[in-house]
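Taking it in order: structure first as structure tokens, then the write-up.
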Amino acid sequence: MTADVSPRAGAGAVPDGFLRELAERLPAARTDALTRSAYTADASIYRVVPAAVVEPRDAEEAATAVAVAAAHGVGVTSRGGGTSIAGNAIGPGLVLDFSRHMNQVLEIDPDARTATVQPGAVLGAVRARAAEHGLTVGPDPSTYSRCTIGGMIGNHACGPHSVAWGTTADITERIDVLRADGRLLSLGAGTTGDQELDARLRDLRDARLATIRTELGRFSRQVSGYGLHRLLPEQGFHVARSLVGSEGTCGIVLGATVGLVPVPAARVLLVLGFPDVYDAAAAAPALARTGALTVEGMDAALVDALRSRPGRAEGVDLLPPGGAWLYCEIEGTDPADAEARARRIGRETGARWEVFADSARTDALWSIRRNGAGIATRMADGREAWPGWEDSAVPAENLAGYLKDLHALMDERKRQGTITGHFGEGCLHLRVDWDLTSEAGIADYRTFIETAADIAVKHGGCASGEHGDGRARSELLTRTYSPELLAAFKEFKNIWDPQGLLNPGILVDPAPLDASVRPGPGHDRHSLPLLTLSADRGSMAGAVRRCIGVGSCRNATGAMCPSFQATGDEVHSTRGRSRVLGEMLRGETLPDAWRSDEVREALDLCLSCKACKSECPVNVDMAAYKAEFLHQHYKGRLRPRAHYVLGWLPLLGRLASLAPGAVNALARRPRIARGLSRLAGLETRRGLLGVAPRTFRQWFRARRKPTGPTRETVVLWPDTFSNFLDPSGAQDTVEVLEALGYEVVLPDGPVCCGLTWYSTGQLGVARGVLDRSLKSLERHLAAGRTVVGVEPSCTQALREESVELLPDSPTARRLAQQTTTLAELVARHDGDWPFGTLDTEAVLQPHCHTEAGPGHGAELEVLKRLGVDTDVVTAGCCGLAGNFGYEPGHWEVSRSSAERELYPKVRAADDGTAIVADGFSCRTQISQGTDRRATHLAALLRKALTTGRTTPAQRKNG
């Protein structure tokens with residue numbers, strides 16, 4: 015009997031006995047449809063559904079998994095961060111993901127200048143440990159923050175600094191390799207430790223010495239095929255290095271020792287602007303010969319794509335004039351020496367140039383190049399662009415001619431694209447606007463790739479200059495090398511893996527380069543008309559295609575993605591969720607489409623923090639995708655009780671405000687509060703929220719209004735949280751605005767942005783509520799009045815979700831344009847400054863939705879003017895995230911998110927340090943997890959007022 019595990023992607027069928035034995039011997043093995051869906055792709059254009067996924071905790075578990083697979087004839091694919099674009103980390107059988115558990119840096123030897131690591135050790139972590147000894151890892155792909163050493167060895171990663179410090183093969187000293195037959199070998203130079211194996215490898219080499227010497231190792235970025243030249247006598251018969259770039263087809267890496275290089279004493283960045291990319295390419299070889307540590311190129315199309323991304327263009331304005339640029343990192347004995355060398359080199363080029371020595375500007379510039387793989391997935395006009403002809407390489411002196419011929423091919427095929435690359439070594443990254451959704455488009459893609467391969471060979475190059483051949487390029491080896499060398503590759507594979515079990519379809523007996531294309535026909539079988547996602551024309555399929563898979567959501571630091579950072583599970587990364595949604599739309603692995611429980615489970619731990627909308631290079635907005643899915647998933651049927659309670663919070667808040675004393679008395683009694691939480695379907699470990707003794711609107715109506723002239727009238731948005739639950743921030747905001755000379759008014763009737771309904775997927779209700787609310791603002795907006803938000807999540811909803819939910823409403827568009835935060839208004843205030851200085855310190859928790867929009871720059875500017883020394887929490891969402899933290903099953907992830915940085919900083923702050931958090935959720939999370947209470951920025955501004963006026967806002971509410 016066999017079990018069909020992949021109806022379309024080529025997995026075929028695996029024996030029932032394989033899955034049964036795997037589960038018996040490794041209970042943690044994952045064969046569920048949800049996990050398999052998350053592992054269908056890496057950062058390539060391909061889709062292959064695995065039969066099972068194992069995340070080994072140690073070498074023994076890895077060996078057990080391989081033994082079970084081998085016994086049943088099931089293929090095995092190794093995977094690290096899954097960030098390669100060649101399609102070499104996906105397979106139809108067993109996928110071994112080493113990144114989750116086998117990820118330790120075992121030893122840094124500063125004397126030998128080596129690092130010994132497990133295969134899943136992230137390059138960034140290795141570099142951080144090495145930096146403690148003044149050392150670093152030479153090869154540094156742009157994905158260094160999540161790619162793994164095992165993956166780098168598998169696909170022969172290089173990166174910007176390989177022009178000076180070498181490729182992964184150059185630094186590999188030893189690797190521990192598990193063969194398909196279960197034998198574990200420790201490989202280095204000189205021997206495999208197995209005399210028979212040594213003899214077979216030497217016989218292979220000696221029989222084809224001339225072929226190997228003339229066809230391989232001709233230039234530094236010739237990565238295509240197996241590295242047989244590393245077996246040559248003059249290379250020291252370095253078996254470990256011969257396996258670098260073998261993509262897991264010969265053995266499974268279980269450990270490695272790699273060489274390190276000293277960190278330069280000082281570095282500056284020389285950026286040169288050229289009229290076009292050909293001039294930049296022509297200048298690159300000479301710049302590499304100057305000893306530059308990097309010679310990185312990019313064209314104007316990439317910069318234009320970056321400018322089209324909201325909030326992503328930082329650094330672009332620093333570029334010198336030009337149509338293409340080179341980044342040359344220059345070292346020196348000290349900063350002055352490095353800068354002098356850079357200026358001398360710049361003058362000698364005849365290009366427009368600028369030298370950058372400060373970290374802030376160099377980081378901003380490098381972010382353009384580092385995020386290129388993601389940015390280039392969308393052209394400036396929004397068209398999709400794909401990897402496919404990625405990482406090709408020619409000798410650097412031939413790069414300009416190669417580029418001209420490639421552009422001629424693009425013109426002939428009526429295609430456009432973006433170009434980046436390691437110009438100093440002749441390696442090119444090209445993203446092209448192929449149509450990969452139709453059979454005709456895929457046929458055109460094949461023609462393009464075959465022609466491009468011939469062009470590369472004509473210029474002395476090959477299809478792969480780094481990151482292996484994979485599914486994208488293995489078929490092209492026949493166009494690159496002689497039959498004799500191809501026969502040697504096949505024999506090499508047979509020596510190591512005679513059963514052909516390891517990463518089948520790669521390098522030898524390759525899968526067709528146009529098979530199993532992920533966006534291909536049928537990828538949108540279950541698309542539905544949606545209420546939002548206007549950036550993708552209302553298409554969930556288009557939205558999901560944004561995620562090419564570069565894996566920024568797997569970073570251990572930063573705001574994205576908090577659920578992955580808490581669990582380490584690919585399913586709970588932004589990329590994993592995108593893959594699962596893609597499988598839902600295809601309807602094969604997940605046949606229940608929008609009713610799929612697997613998709614609901616994948617989205618369940620999404621905090622809807624929107625970090626992906628700003629930190630993902632292509633602005634994936636998983637919060638919006640989750641809202642749309644929940645809307646469709648529960649349409650016409652009962653929802654979880656928490657959706658009703660938390661989604662309808664505005665109505666419940668209004669009802670509770672009728673008897674605040676009684677409500678608060680119940681909330682303060684733990685047993686009753688837990689019982690009510692259980693009845694409402696909420697997390698019982700969280701305290702129930704109380705309500706204010708007086709609503710903000712009641713306070714506003716009863717207060718004594720200031721007299722005297724005002725500069726203009728602004729409208730304060732009385733959101734649910736500020737009106738019913740914690741009015742202090744809104745009251746302080748009124749006080750501050752009036753001190754600045756504004757007349758403050760409220761909307762003409764009850765209002766709500768609809769966010770609580772939106773985040774629980776009740777989009778129809780959210781749309782209706784928002785539409786009614788806009789009527790209370792029409793005359794104010796028509797008069798050009800600014801709307802000031804108090805609660806950040808609601809403020810961003812007015813700016814973004816309002817136009818998504820009501821795309822045809824001119825009132826919604828005006829609201830989005832005329833809405834501001836208090837910090838933004840104060841920061842741009844050009845009149846009298848009524849505030850004194852506080853001369854204090856503060857911990858600032860920026861709201862995650864603010865970070866996904868304008869960022870916290872205005873808050874920092876205001877605090878600086880108040881004399882506040884601010885320590886910013888950079889880990890993103892506080893973890894409560896509105897309804898998320900109150901829903902059952904979210905407690906651990908919610909608390910883990912806060913423990914990453916927020917809680918430690920709050921606990922370490924002394925009593926005189928202010929804790930500033932504009933978000934009601936953030937303040938609640940802080941009060942429920944520490945002994946401190948946070949305040950709204952408005953409270954600090956009110957405290958700093960020097961006008962001497964006393965208003966009810968300066969007293970406790972009530």
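Each residue of the sequence shown is one higher than the one before, counting from 15 in the working numbering.
Ideal Cβ positions, reconstructed from N, Cα and C, are used throughout, including at glycine.
Computed from a predicted model, the values in this text were never measured in an experiment.
With respect to T465, R445 sits apart: the two C-beta atoms are not nearer than 7 Å. A distance below 7 Å between beta-carbons, with the five flanking residues on each side excluded, links R914 to the following residues of its chain, in chain order: Q579, A889.
For the pair R559 and G845, the Cα-to-Cα distance works out to about 48 Å. According to the DSSP assignment, A365 belongs to no beta strand (DSSP E), since it is labelled neither H nor E. When the five nearest sequence neighbours on each side are left out, the beta carbons in the same chain lying within less than 6 Å of the beta carbon of Q776 are those of G661, in order along the chain.
Setting aside the 5 residues that flank it on each side, R427 is surrounded in the same chain by F462, each with a C-beta closer than 6 Å to its C-beta; the list follows chain order.
Distance between S941 and A656, taken at the CA atoms: about 22 Å. Check the Cα spacing between W367 and each of G329, G287, V748, Y60: the tightest is with G287. Y53 is not a Cβ neighbour of V136, given a cutoff of 7 Å.
Within the same chain, and ignoring the five residues on either side of L218 in sequence, the residues whose Cβ sits closer than 8 Å to its Cβ are L242, L245, A502, E505, F506, I509.
Judged by beta-carbon spacing, R143 lies beyond the 7 Å limit of I167, meaning their Cβ atoms are not closer than that value.
One thing to note: P133 has its Cβ no nearer than 7 Å to the Cβ of V330. Of the residues R793, T834, R799, V804, the one whose Cα lies closest to the Cα of R813 is T834. V677 is classed as buried because its beta carbon has at least 16 other beta carbons within 10 Å across all chains shown. T494 and N169 have their C-alpha atoms spaced approximately 18 Å apart.
Only exposed fits A224, as fewer than 16 other CB atoms lie within 10 angstroms of its CB.
Of G943, D883, W731, N102, the smallest CA-CA separation from E480 is found for N102. Spatial neighbours of S566 in its own chain (CB-CB distance under 7 Å, excluding positions within 5 residues in sequence) are listed in chain order as G388, M574, E629, C630, P631. Spatial neighbours of G881 in its own chain (CB-CB distance under 6 Å, excluding positions within 5 residues in sequence) are listed in chain order as T851, L852, D853. Below 8 Å, enough C-beta pairs join the stretch 52-71 and the stretch 584-597 to call them touching: three or more. Rounded to the nearest angstrom, the gap between the Cα atoms of A467 and Y341 is 27 Å. In this structure, P247 is the residue among A826, P247, H904 with its C-alpha nearest to the C-alpha of D220. Within its own chain, the residues whose Cβ lies closer than 8 Å to the Cβ of C766, once the five positions on either side in sequence are excluded, are P664, D733, T734, V783, L784, S787, listed in chain order. The Cβ neighbour count for I686, taken over all protein chains shown within 10 Å, is under 16; the residue is labelled exposed.
Each residue's CA atom was taken as its position, placing G202 and D195 some 20 Å apart.
In chain order, S548 place their CB closer than 8 Å to the CB of P821, counting only its own chain and leaving out the 5 sequence neighbours on each side. When DSSP states are grouped into helix, strand and coil, E855 belongs to the strand group.
Comparing C-alpha distances from G582 to each of N117, A73, P106 shows the shortest one belongs to N117. Under the DSSP assignment, M424 falls in the alpha helix (DSSP H) whose first and last residues are 413-426. Following the DSSP letters along the chain, one finds G890 in no alpha helix (DSSP H), marked with neither H nor E. No Cβ-Cβ contact shorter than 7 Å links F643 with L619.
Relative to the Cα of R392, the nearest Cα in the group C441, R61, G346, W448 belongs to W448. Listed in chain order, the non-local C-beta contacts of E792 below 8 Å within the same chain comprise T825, local neighbours out to five positions each way being set aside. A distance of 7 Å or more separates the beta carbons of D290 and A350.
In the three-state reduction of the DSSP assignment, G94 falls in the coil class. The secondary-structure analysis by DSSP pairs F714 with nothing; it has no beta-bridge partner.
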